[in-house]
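Numbering-wise, the sequence shown is residues 5 to 551 according to this note's numbering. Built from N, CA and C at the ideal position, the CB exists for glycine as well.
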Amino acid sequence: MIGQAGNTPILVLKEGTRREKGKGAQFENIAAAKAIADAVRTTLGPRGMDKMLVGGLGDVTITNDGVTILKELEVEHPAAKMIIEVAKTQDEEAGDGTTTSVVLAGEFLKKAESLIDQNVHPTVIIKGYRMAEAKAVEFLEKISLPVSVKDKDVLMDIAKTAMYSKSASSSMDVLAKVAVDAVTAVAEERDGKYIVDDDNIQFVKKHGASIDETELISGIIVDKEAAHTAMPKQVEKAKIALLDAALEIKKTEIDAKIEITDPSKLQQFLNEEENMIRRMVEKVKNSGANVVFCQKGIDDLAAHYLSKEKIYAVKRVKKSDMEKLSKATGANIISRIDDLTSADLGNAQSVEERKVLDDRMTFVTGCKNPKAVSVLIRGGTEHVVDEIERSLVDATSVVSVAIEDGRMTYGGGAAATELALKLRDYATSVGGREQIAIEAYAEALEVVPTTLAENAGLDPIDILIDIRKAHKNGQVSAGVNVITGKVGDMKKEKVIEPIRVGRQAIHSATDAAVMILKIDDVIAAKAKDLTPPKGGQGPGGMGGDEY
């Protein structure tokens, strides 16, 4: 950046600083954003392709999940990073529709680019886009349909729609049932509304079996084995104690030393230690517990006494697992063994140690009305199991938000096309330059059906003409059927998604597009050179010659 004082140039910015301003800056940012959108565009829909991502350490991920792909990309350009944030926000808020939101953001910017080229000012485009966003969400609410926690079949269809484009689609009947059963189990009603905490659904992955062997456990899987080999391998009608206290002799908090001068006293000291551990085990037994999960350690001697009392015990259980066990069994987590009573115990039909692959794990099953559940994910290889987990996380997320919001819309590009149609009518009522921006926004929304068509090997123009015609004739649920290659009724095809997926995609994509359009000046400082000077050791060392 150079200013003028008479004929003398004044350097304001540091040497090596790169500056791009005006249309050049806008077009560069838009190009970076479009590049990110194009990277995931081919993964959209049931006929979308997968990406193989190879990390710096050689670890391989095979997926078509938009947010997983974008998280793995090491992106330098700041505008491209903004588009990746769109996918992350979409994933956190709705759990699905990450690719859709990124493709939409790229298309909004693409349409804006041609308007800027025609000398339409970015602020006019931004105003038009914001007006279109508000109306699009309003129209989306109007065309949405109600759904409740009791509509199990509809929730199954929502889960299947989310999984259709994933490699799990071959087993989606089994997986959709697992997802719906898991979510409806942990859904809690508060003030007439349902709240679903996804953290209450635990996913445990084990390869080496068929995908169809994936199952829902009405309880919790703890990735630990019994503390002693002599303990019972299975306990029926389990009374479960959850201890946040060690079943061992505590070490003193300060340095302490005990001197024993008489040999007979040594045996007394050891006996007293043994008695203290015995008393702890007695307290557990007297409470009526026959299963103990301990967050801290269990002494070998304590484990021996517990096994003699036929009590199944597990030590060093993670805090998160303890909280899930509490929600699943109804047990209270106790911090002092002296306070343990029968009222603090939880219940489960069965607690057993099972060997899954090479690991021994504890299965707490048959919990009555559990508020935390586990899903044991099976698959042929580790890569398959990882992708099944991503599919199930998406499915449970969309079912959760459908229950919470109680509204759903048609997929397959049906909702996007209907919004585009209504926005065009709205644009004519607005007038002025904003009308052009609203029409561009409406046109951008149609990227959803055209991309679905492209990825299915269909002619996007033919599909777009047919789908527009169907919506003009009042067929609100008309969308792209990628299996038949024609425009079909998404209501009959049962292609539905929660309203939050579409609403969040519109908000996130518009926010990102607006933010990028507002930038007309990019000032990039020169990157610092971190290579050590010749003959020196770099930061933290001493440069030999200079000392």
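Taking 8 Å as the cut-off, the beta carbon of aspartate 54 is found closer than this to the beta carbon of threonine 67. Under the DSSP assignment, alanine 35 falls outside any beta strand (DSSP E), being part of the alpha helix (DSSP H) whose first and last residues are 27-45.
For histidine 475, the number of other beta carbons within 10 angstroms of its own is at least 16, and it is reported as buried.
Across the set Ile520, Asn485, Glu422 and Asp524, the C-alpha of Glu422 shows the shortest separation from the C-alpha of lysine 146.
Threonine 47 sits buried, since 16 or more C-beta atoms from the chains shown fall within 10 Å of its C-beta. Contact check for histidine 211 and valine 90: beta-carbon distance about 33 Å, past the 8 Å limit, so the pair fails to qualify. For glutamate 89, the uninterrupted alpha helix (DSSP H) run begins and ends at 82-97, by DSSP. Taken through DSSP and simplified to helix, strand or coil, alanine 317 comes out as strand. The beta carbon of lysine 115 lies closer than 8 Å to those of Ala444, Tyr445, Glu447 and Ala448 in the same chain, with the five residues before and after it left out. Beta bridge pairing from DSSP links asparagine 294 with no other residue.
Distance check between valine 184 and each of Ser169, Arg194 and Asp161 places Asp161 closest, using alpha-carbon atoms only.
Excluding the 5 residues flanking it on each side, valine 452 has same chain C-beta neighbours closer than 7 Å at Thr104, Gly417 and Ala420, in chain order. With respect to alanine 29, aspartate 525 sits close: the two C-beta atoms are nearer than 8 Å.
Around the CB of alanine 293, 16 or more other CB atoms lie within 10 Å, so the residue is classed as buried. If you look at serine 311, you'll find it in the alpha helix (DSSP H) that goes 304-312. For glutamine 479, the secondary structure class from DSSP, reduced to helix, strand or coil, is coil. Annotation: the continuous alpha helix (DSSP H) that includes lysine 146 extends over 126-147. Counting the other CB atoms within 10 Å of its CB gives proline 267 a total below 16, which places it among the exposed residues. By the C-beta density criterion, serine 222 is buried, having at least 16 other C-beta atoms within 10 angstroms. Look at the beta carbons and you see the region 344-359 touching the region 236-247: at least three pairs across the two are nearer than 8 Å. If only complete runs of 4 or more residues are kept, the region 317-383 shows the alpha helix (DSSP H) at 323-333, in order along the chain.
Taking one beta carbon from each stretch, the region 395-404 and the region 197-209 have 3 or more pairs nearer than 8 Å; the two touch. It is roughly 26 Å from the alpha-carbon of lysine 181 to the alpha-carbon of alanine 509.
CA-to-CA, the gap between glycine 132 and glycine 506 works out to about 20 Å.
Taking all protein chains shown into account, glutamine 122 has fewer than 16 neighbouring C-beta atoms within 10 Å of its C-beta and is therefore exposed. Around the beta carbon of valine 200, 16 or more other beta carbons sit within 10 angstroms, so the residue counts as buried. Its Cα nearest to that of glutamate 313, the residue Val296 stands out among Val296, Pro50 and Glu327. Within its own chain, the residues whose Cβ lies closer than 6 Å to the Cβ of alanine 84, once the five positions on either side in sequence are excluded, are Ala36 and Ile40, listed in chain order.
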